[in-house]
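Protein chains: 4
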Amino acid sequence: MLESLKKYVYEQNMRLPKLNLVTFTWGNVSAVDRDKQLFVIKPSGVAYDELTPDDMVVCDFEGNVVEGHLNPSSDTPTHAYLYQKFPKIGGIVHTHSPWAVSFAQAGMDLPALGTTHADTFYGPVPVSEALTKEEIESDYEKNTGIVIERTFKDHQIDPMAVPAVLVRQHGPFAWGETAAKAVYNAKVLEVVAQMAYHTLQLTRNDSSVPQYLLDKHYYRKHGKDAYYGQKK
Amino acid sequence: MLESLKKYVYEQNMRLPKLNLVTFTWGNVSAVDRDKQLFVIKPSGVAYDELTPDDMVVCDFEGNVVEGHLNPSSDTPTHAYLYQKFPKIGGIVHTHSPWAVSFAQAGMDLPALGTTHADTFYGPVPVSEALTKEEIESDYEKNTGIVIERTFKDHQIDPMAVPAVLVRQHGPFAWGETAAKAVYNAKVLEVVAQMAYHTLQLTRNDSSVPQYLLDKHYYRKHGKDAYYGQKK
Amino acid sequence: MLESLKKYVYEQNMRLPKLNLVTFTWGNVSAVDRDKQLFVIKPSGVAYDELTPDDMVVCDFEGNVVEGHLNPSSDTPTHAYLYQKFPKIGGIVHTHSPWAVSFAQAGMDLPALGTTHADTFYGPVPVSEALTKEEIESDYEKNTGIVIERTFKDHQIDPMAVPAVLVRQHGPFAWGETAAKAVYNAKVLEVVAQMAYHTLQLTRNDSSVPQYLLDKHYYRKHGKDAYYGQKK
Amino acid sequence: MLESLKKYVYEQNMRLPKLNLVTFTWGNVSAVDRDKQLFVIKPSGVAYDELTPDDMVVCDFEGNVVEGHLNPSSDTPTHAYLYQKFPKIGGIVHTHSPWAVSFAQAGMDLPALGTTHADTFYGPVPVSEALTKEEIESDYEKNTGIVIERTFKDHQIDPMAVPAVLVRQHGPFAWGETAAKAVYNAKVLEVVAQMAYHTLQLTRNDSSVPQYLLDKHYYRKHGKDAYYGQKK
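For the protein sequence lines, the chains are E, R, C and S, in the order given.
Note that the first sequence covers residues 0 to 231 in numbering that gives the first Met the number 0.
Note that the second sequence covers residues 0 to 231 in numbering that gives the first Met the number 0.
Note that the third sequence covers residues 0 to 231 in numbering that gives the first Met the number 0.
Note that the fourth sequence covers residues 0 to 231 in numbering that gives the first Met the number 0.
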């Protein structure tokens, strides 16, 4: 079932090592079929150079395996919960890309310091609260999804306008309308984290961009008045 | 029209990923035909591995498309304005190369700390003022060109002697007598930004080179008494 | 003798340059045959692209060469001592990977700042004491092993739970149940050292993970209740 | 003339881009024939991928061209002076490798912080004094050699025991008994500069290694009691 979606999810997973976003098996991409309320995800702990489209696992929105000969990613309950709660997203990416992890470990939001950031993220990328002992010891991966959703609700951030989060002490999740856009956003996150790190080391002054620059660059690429790129 | 210039501009654009100056589509090169008062530029948002010489777009000095089946780079009005105001430049490069962006985001001039810098840039590479709300909300890309020109006028810098700028909160533009030299200058800018960053972290002392070292290295490579390289 | 082990040790050594863990010849992998009380190790100072399985050297637990036409790694007595004292390890890796070396040179434990660390190391990776003048001037490489063992004993760390050490002023040793796992652990060490470095530069606050997160992530991947990856 | 030396110098020059020590044409290697009092050096400003053995230039110890159809490296008078004054060296390398340049620009000696350094450099790699206005404005490249020699004399450093220098505001020169060893030393210099930078950012404490560790590691690899590597 979902053969073409499996092939697509396989291809999007294979972009992670090409974009230097993963070490060993530390990353996964999923994509959803909203009609069927199912999503396809990478199997757990399988090396990228051994992966095939047929290894992809089909899961439902509770994280149960519907089809597949391998265990799905251990982060599957996080993906499932986000598909439930963020109804506009079509794909999710989790990595341990090192610059984004550094901000997650430092417990710091990734500030919007320039147009590279503003082109993709309409404001700072938030760091989540740390999971509590109770949240970690039971349903850890689902609770990771709950904490992500709560982060966006508490800060009143639209997850489609800022399509990524830094899970504190852990690392980034990114998403998008499609899995391809989610992978794109995961890479942008890593690049702007690298830029922000060096900017913050050069100057501890707050060099966040003003709202009007955020508006300009974000809406130059998104929404009905976008004029970057080619007409579809 | 301008078929050989299109091929040349295509080739210079393709150097950007090879020199590790771009992520995704975040860069563009243009070159000018001064006789015809036209320039050729990369189309907007097209991936480098899908680009062909035929995709290049011909524009006039107001930034209007004269020929081409694709939209030109969204930065086209910046290029157009710079070709108007800097009459000796033959090519322009814009990238989001991460070390140069870090200085642009920090709002810091890139100081001349050594001979690697002095060989190409006859003094600090200036950071521009931030664009105002009004400048951003109307004719943003043209105003970016205006702010660049103003930066060089206000600081009395010759744009041929310091062929690059850091647009604050945004990133670098570089230029040169030819597009090939502009690409070269864009790469030098990235390398000397990396070196300057680490130097500044090692010592916060002002370690700018003296004027006579700047003279020696810049004129060893430029002007009538240059003796670096081979006679042409 | 031990032909298949030689081939295996050769292959594990060849992973070091692929994983960007060595410059020139600065690294070595060994693996043990516990029944025979022998181990196989890379020869000293031979370039990776000239290495063959047949060049591997067989040594006993005193570090004496039992078979081989080349000198074994100068670090052989360290390997020998660790095989004696850490009875559960099957392979050992030594490198001068630059992020791990930076912590070793700074004389700092590598703190557990996130789940990437906790997935592999059940607590901080300790830095050893510096060897004394006497320890350096006689039996230096054996004494390196003695200092490593003492580090784990003094801090009451189980070397199977934290399978790596930073030898002060020198660099990392990693180990594991197999040489393949030791190489894996050596790479994880390098990646988490990079992440920890940047985290510590962003915030000097203690951002070590709590014990319950360490438990969760370490036991998600290790021991009888592990659920990461595929059933063997 | 000196055809085999030209081929050798060509090959050693071609190692620089492979070892990631040069951007564009910013590096050169020479090797000497002590009997003939001549040395062979890379031509000035020629791209590495266009270089051929036949392009190499033969010079005497005053820096005059004896044979060659191209201009020699602009740094030729520095090489010539060092061959005069350091009678045991067989090859010289100059690069603008970025970590070494960062220390040169900061005006800081590269301290000996660990065994990776001590294996090759028997103590800190010194930064030279800055050249004076007069030294820069006349015979600049020869004066660079004079300043290097003076640095070693003033600090009573044996150039064979510490086979590299950081020319202040400029960058590294490295040398060795052969050009191949000089290239090796240039790479070690870059790697230990990277490690030292990160160590110094982690701790501003003086973590220089003691004399007895320097002795142990340097003499483990050099001199009559060396036991690293294979017998020749």
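Beta carbons: idealized from backbone N, C-alpha and C, even for Gly.
No experiment lies behind these values; they were computed from the predicted model shown.
(request) State the Cα-Cα distance for the pair residue 153/R and residue 25/S, rounded to the nearest angstrom. (result) For residue 153/R and residue 25/S, the distance between alpha carbons rounds to 33 angstroms.
(request) Identify which residue in 162/C, 148/C, 170/C and 188/C has its Cα closest to the Cα of residue 177/C. (result) Nearest of 162/C, 148/C, 170/C and 188/C to residue 177/C, Cα basis: 162/C.
(request) Output, in chain order, the set of chain C residues within a Cβ distance shorter than 9 angstroms of residue 143/E. (result) Below the 9 angstroms Cβ cutoff, chain C contributes no neighbours of residue 143/E, its closest Cβ being approximately 10 angstroms away.
(request) With distances taken Cα to Cα, identify the nearest neighbour of residue 164/E among 121/E, 206/E, 66/E and 205/E. (result) Of the listed residues, the one whose Cα sits closest to residue 164/E is 121/E.
(request) Give the interface partners of residue 135/R over in chain E, defined as CB-CB distance under 7 angstroms, in chain order. (result) Under the 7 angstroms cutoff, chain E gives 211, 212 and 215.
(message) Just to confirm the assignment, what range does the beta strand (DSSP E) spanning residue 176/R have?
(response) Segment: none, residue 176/R is in no beta strand (DSSP E) and carries neither H nor E.
(message) Once DSSP output is grouped into helix, strand and coil, what is the label at residue 93/C?
(response) Three-state result, residue 93/C: strand.
(message) So residue 135/E and residue 212/C are supposed to be a Cβ contact under 8 angstroms. How far apart are they, rounded?
(response) About 6 angstroms; that satisfies the 8 angstroms criterion.
(request) Answer yes if the region 213 to 231 of chain S comes into contact with the region 108 to 120 of chain S, meaning at least three C-beta pairs across the two stretches below 8 angstroms, and no otherwise. (result) Contact annotation: the region 108 to 120 of chain S touches the region 213 to 231 of chain S, with at least three C-beta pairs closer than 8 angstroms.
(message) I'd like to know if the region 4 to 15 of chain C and the region 191 to 199 of chain S are in contact, where contact means that at least 3 CB-CB pairs between them fall below 8 angstroms.
(response) Look at the beta carbons and you see the region 4 to 15 of chain C not touching the region 191 to 199 of chain S: under three pairs across the two are nearer than 8 angstroms.
(request) Whole angstroms is fine: what's the gap from residue 19/R's alpha carbon to residue 17/E's? (result) Looking at the two C-alpha atoms, the distance is approximately 14 angstroms.
(request) Measuring only between beta-carbons, confirm whether residue 107/E sits less than 9 angstroms from chain C. (result) Yes, contact with chain C.
(request) List the residues of chain C whose Cβ lies closer than 9 angstroms to the Cβ of residue 102/E, in chain order. (result) By Cβ distance, chain C contributes 197, 198 and 201.
(message) Using only the alpha-carbon positions, how far apart do residue 179/S and residue 22/C sit?
(response) The straight-line gap from Cα to Cα measures roughly 15 angstroms.
(request) Say whether chain S places a C-beta atom closer than 9 angstroms to the C-beta of residue 73/C. (result) Chain S contact via Cβ: present.
(message) DSSP three-state label for residue 208/R, please.
(response) Of the three classes helix, strand and coil, the one that applies to residue 208/R here is coil, per DSSP.
(request) Would you decide whether residue 189/R is buried or exposed? Buried here means 16 or more other CB atoms lie within 10 Å of its CB. (result) Looking at its Cβ environment, which holds 16 or more other Cβ atoms inside 10 Å, residue 189/R is buried.
(request) Answer with buried or exposed for residue 193/S, where buried requires no fewer than 16 other C-beta atoms within 10 angstroms of its C-beta. (result) Residue 193/S sits buried, since 16 or more C-beta atoms from the chains shown fall within 10 Å of its C-beta.
(request) Mind checking which residues open and close the alpha helix (DSSP H) that includes residue 128/E? (result) Counting along the chain, residue 128/E falls outside any alpha helix (DSSP H), and DSSP gives it neither H nor E.
(message) Determine, for residue 222/S, whether the minimum Cβ-Cβ distance to residues of chain C falls below 9 angstroms.
(response) For residue 222/S, the answer is no, since every Cβ of chain C falls outside 9 angstroms of its Cβ.
(request) For the region 93 to 107 of chain E and the region 165 to 176 of chain E, state whether three or more C-beta atom pairs, one from each stretch, are separated by less than 8 angstroms. (result) As far as the Cβ criterion goes, the region 93 to 107 of chain E touches the region 165 to 176 of chain E, which means the pair count is three or higher.
(request) From the DSSP output, in three-state form, read off residue 40/E for me. (result) Strand.
(request) From the DSSP output, read off the bridge partner residues of residue 28/C. (result) Partner residues in the beta bridge of residue 28/C, as assigned by DSSP, are 92/C.
(message) Could you pull the DSSP bridge partners for residue 49/C from this structure?
(response) Beta-bridge pairing links residue 49/C to no other residue.
(request) List the residues of chain E that residue 177/C touches, going by C-beta distances under 7 angstroms, in chain order. (result) Neighbourhood of residue 177/C in chain E, by CB distance below 7 angstroms: empty, with the nearest CB roughly 15 angstroms away.
(request) Return yes when the Cβ of residue 72/R is within less than 9 angstroms of the Cβ of residue 41/R, no when it is not. (result) Between residue 41/R and residue 72/R, the C-beta spacing is below 9 angstroms.
(request) Would you kindly check if the distance between the Cβ of residue 91/S and the Cβ of residue 166/S is under 9 angstroms? (result) Cβ distance not < 9 angstroms, so residue 166/S and residue 91/S don't count as in contact.
(message) Let me make sure I understand the geometry here. Which of 191/R, 77/R and 44/R has the alpha-carbon closest to that of residue 97/R?
(response) The option with the nearest alpha carbon to residue 97/R is 191/R.
(message) Against chain S, does residue 219/R count as a neighbour if the rule is that its beta carbon must be under 9 angstroms from one of theirs?
(response) True, the Cβ-Cβ gap to chain S drops below 9 angstroms.
(request) With a threshold of 16 other CB atoms inside 10 Å of the CB of residue 158/C, please say whether the residue is buried or exposed. (result) Counting every other CB atom within 10 Å of its CB across the protein chains shown gives residue 158/C a total of 16 or more, marking it as buried.
(request) Pull up the distance between the alpha-carbon of residue 109/E and that of residue 216/E, whole angstroms please. (result) C-alpha separation (whole angstroms): 17 angstroms.
(message) For a test of the three-state rule: what should DSSP assign to residue 61/S, helix, strand or coil?
(response) Three-state DSSP puts residue 61/S in coil, outside helix and strand.
(request) Look up residue 16/R in the DSSP assignment and say whether it is helix, strand or coil. (result) Assignment of residue 16/R by DSSP, reduced to helix, strand and coil, places it in the helix class.
(message) What does the alpha-carbon distance come out to for the pair residue 156/C and residue 224/C?
(response) If I take the Cα positions, the gap works out to 21 angstroms.
(request) To the nearest angstrom, report how far apart residue 251/C and residue 95/E are at their CA atoms. (result) Here chain C has residues from 0 to 231 only, and residue 251/C is not among them.
(request) For residue 21/E, name the three-state secondary structure that DSSP assigns. (result) Reduced to three states, the DSSP call for residue 21/E is coil.
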